[in-house]
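Down below is the structure, laid out as structure tokens.
Numbering (this note's numbering), first residue to last: 187 to 923.
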């Protein structure tokens, strides 16, 4: 009897053994034994037969007092033939790793598959599957994975697929990198004795039918035999450098199979608006960006009760990769880190959110300011029913409590006061009797005057609306809302709800919109409750370290000294980038594994560094702030401002700067929960009336949902946003794709 233990028995060793056995006329047995150190000696065994030739080598069944399982990432038993991780249980297991409690906790987990109370399961890290005859087939190490064009490839799985082909006698798969960043999968193959001429192309075609295209080797190298070292193991250093072969075909659709894969693909489909998402589809190739990535993270939290860091979506940008992340977090038992957002009682004082409190405070300092008025004007082309429009606006205000909220004081602290729902006035101004040119000019004057009128936050309302009639089939509906009750996302949401409600009411149907589970006041109470104590200190601690030593004021080369107090006088300059430039920017973002926002921010900070002569450049940028799924359908002031600190030290190349910005932006997004207002309060930067704290330059890439739409013959088109003539920062660069 010949016993082979330790590593998995190579097919070549088994085949050669039986060849020698037949040639010698001797009688002998070949046994394959598998046993990691953590299982103390051997865990499984199998007798190899000559009839097994051509099949991958099995490791058999467990020895006495041990049990074997093939489990998914969530530790569920896998069916026959489905790949998973080999796990062992029973009395033969070690107790753990000496003085390595973290390692022990990760690999020796509670055995939910066993009947014995308190038993443990050892996760081997080896890929495996059960064959129909009940024996286990080893598929290589799970950690033998490489990143290939942004996709994780398991070389062991690929080798197992190749070994099953009748043309293959022996093989190994390697990743070859002829130049930096250009990685290719190369298969070194020893042809089977019965392989026909042209077998390599037949092999390629067969693999393209059974494997995703990114796993199909770009090059096949035929060898007489694989090189081996003196120990008998494969000598990878002796493998010849490959000549470039035919490239794999375009990526083909690979459908989700497991429940986790199906859920993740469904989330992508919903967020990206794509009908069909496959396991190998790339999030950013499908149109994803940071805002949509945040929505994916919130849905993953609700679906799987795990907290997936935003950066993981950049590191694992395909469904298949992200599933591994989710299952890994489930395995480690990482649950929710935040309480649920639930309705609060309305019988007591309702607090303001941190962002609302800042605007309330500014309004107390400067009553009558219009700096935070948010105007919206929609051109409506087609037949319009004024009464239906008024009903639709009133229904929106009924649905969203924040639009009928005023702000008073109780014990020196501001509170929210929610008024009962009632009809909202929608005054109609008819300009159709004027000459066409005069109509447009008068409409603009009316709306500019409205946008420049102040709100009274104590008595309300915080929303005003009106309708201008330019002709029989030409109207403009305008709305002005104080920023304390809205943001950019909310204005897009309001437009969509207005279109849906108008269509329903015009057809004498009820509202198609579901009632909201929570309101903005619930969010404000949730934020106050959660973002306090240790949680707040931990988040603020990150920003305290991130912004330590940052210059308080950017030295921009202005044409005159700063005044003692900011005037808010402003002007704007509009420009467009050429289409080919825009396409190049998008392609650069894709190639660098970044987003368009990151590339544009890197360029802007580089410019600011040259203009100011500084290598430490702080730029502010708004973020949607809707990290909870429940907040996505709410109108309200959720937007937050992040301080993005640019590091130009050492004169980096632009590609190097993009990587720095990418890392910095992902970290900032991970710690986005601290409201900017609270951050200023906690960090206590030097305050001055001549500049804003922490940053003086704002950068915005507008990617909120589009507001255009069609409503049964009525076309909605947003007009150019009205400029109320007030500036909040020294420079604000706003880009719209």
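All C-beta atoms, glycine included, are put in the ideal place defined by N, C-alpha and C.
Distance CB(residue i)-CB(residue j) smaller than 7 Å
{"i": "residue 252", "j": "residue 278", "result": "yes"}
{"i": "residue 347", "j": "residue 325", "result": "no"}
{"i": "residue 356", "j": "residue 412", "result": "yes"}
{"i": "residue 293", "j": "residue 309", "result": "yes"}
{"i": "residue 406", "j": "residue 373", "result": "yes"}
{"i": "residue 266", "j": "residue 204", "result": "no"}
{"i": "residue 848", "j": "residue 780", "result": "yes"}
{"i": "residue 671", "j": "residue 588", "result": "yes"}
{"i": "residue 578", "j": "residue 612", "result": "no"}
{"i": "residue 770", "j": "residue 844", "result": "no"}
{"i": "residue 750", "j": "residue 916", "result": "no"}
{"i": "residue 697", "j": "residue 703", "result": "no"}
{"i": "residue 880", "j": "residue 790", "result": "no"}
{"i": "residue 804", "j": "residue 776", "result": "no"}
{"i": "residue 505", "j": "residue 478", "result": "no"}
Straight-line Cα distance separating residue j from residue i
{"i": "residue 497", "j": "residue 856", "result": "8 Å"}
{"i": "residue 321", "j": "residue 276", "result": "18 Å"}
{"i": "residue 304", "j": "residue 311", "result": "22 Å"}
{"i": "residue 610", "j": "residue 580", "result": "5 Å"}
{"i": "residue 313", "j": "residue 327", "result": "6 Å"}
{"i": "residue 631", "j": "residue 654", "result": "12 Å"}
{"i": "residue 604", "j": "residue 591", "result": "4 Å"}
{"i": "residue 718", "j": "residue 461", "result": "41 Å"}
{"i": "residue 829", "j": "residue 571", "result": "46 Å"}
{"i": "residue 455", "j": "residue 489", "result": "15 Å"}
{"i": "residue 260", "j": "residue 720", "result": "30 Å"}
{"i": "residue 249", "j": "residue 226", "result": "12 Å"}
{"i": "residue 511", "j": "residue 500", "result": "12 Å"}
{"i": "residue 865", "j": "residue 726", "result": "7 Å"}
{"i": "residue 569", "j": "residue 657", "result": "10 Å"}
{"i": "residue 636", "j": "residue 871", "result": "36 Å"}
{"i": "residue 547", "j": "residue 873", "result": "16 Å"}
{"i": "residue 200", "j": "residue 358", "result": "16 Å"}
Bridge partners - residue i, DSSP secondary structure assignment
{"i": "residue 563", "result": "664"}
{"i": "residue 294", "result": "308"}
{"i": "residue 283", "result": "Residue 283 pairs with nothing; no bridge assigned."}
{"i": "residue 833", "result": "802"}
{"i": "residue 706", "result": "DSSP, once it has assigned bridges, lists no residue as partnering residue 706."}
{"i": "residue 904", "result": "564"}
{"i": "residue 884", "result": "806 and 918"}
{"i": "residue 217", "result": "189 and 233"}
{"i": "residue 453", "result": "DSSP output for residue 453 lists no bridge partner at all."}
{"i": "residue 247", "result": "231"}
{"i": "residue 257", "result": "263 and 271"}
{"i": "residue 650", "result": "666"}
{"i": "residue 655", "result": "616 and 661"}
{"i": "residue 826", "result": "809"}
{"i": "residue 596", "result": "599"}
Cutoff 7 Å; reference residue i; Cβ partners in own chain excluding five residues on either side
{"i": "residue 257", "result": "263, 264, 270, 271 and 273"}
{"i": "residue 716", "result": "524 and 525"}
{"i": "residue 366", "result": "With a pLDDT of 48 at residue 366, under the threshold of 50, the predicted position of this residue should be treated as unreliable, though the coordinate-derived value follows. Excluding positions up to five away in sequence, the list is empty."}
{"i": "residue 342", "result": "313, 325, 326, 327 and 330"}
{"i": "residue 476", "result": "781, 783 and 855"}
{"i": "residue 425", "result": "360, 374 and 413"}
Contact set for residue i: own chain, Cβ-Cβ below 8 Å, skip 5 residues either direction
{"i": "residue 601", "result": "535, 536, 537, 538, 593, 594 and 595"}
{"i": "residue 798", "result": "740, 741, 742 and 743"}
{"i": "residue 923", "result": "768, 782, 887, 888 and 889"}
{"i": "residue 217", "result": "187, 188, 189, 190, 231, 232, 233 and 234"}
{"i": "residue 914", "result": "557, 754, 878 and 884"}
{"i": "residue 786", "result": "771, 885, 887 and 921"}
{"i": "residue 223", "result": "280"}
{"i": "residue 336", "result": "Confidence at residue 336 is low in this model, with a pLDDT of 48, below 50, so its placement is unreliable and no value can be given for it."}
{"i": "residue 813", "result": "480, 483, 484, 858 and 859"}
Same chain only: Cβ atoms within 6 Å of residue i, ignoring 5 sequence neighbours per side
{"i": "residue 307", "result": "273, 275, 295 and 297"}
{"i": "residue 639", "result": "none"}
{"i": "residue 522", "result": "Low local confidence applies: a pLDDT of 47 at residue 522 is under 50, so the model's placement there is unreliable, and no value is given."}
{"i": "residue 202", "result": "none"}
{"i": "residue 598", "result": "none"}
{"i": "residue 390", "result": "none"}
Residue i beta carbon near the ligand ZN (any heavy atom closer than 6 Å)
{"i": "residue 833", "result": "Annotation note on the ligand ZN: not contained in the displayed structure, which lists no ligands."}
Taking one C-beta from the segment 656 to 664 and one from the segment 560 to 567 each time, how about it: are there three or more such pairs within less than 8 Å?
-> Yes, they touch.
Do the segment 860 to 871 and the segment 619 to 626 meet, that is, are 3 or more Cβ pairs less than 8 Å apart?
-> Flag = no, the segment 860 to 871 and the segment 619 to 626 do not touch.
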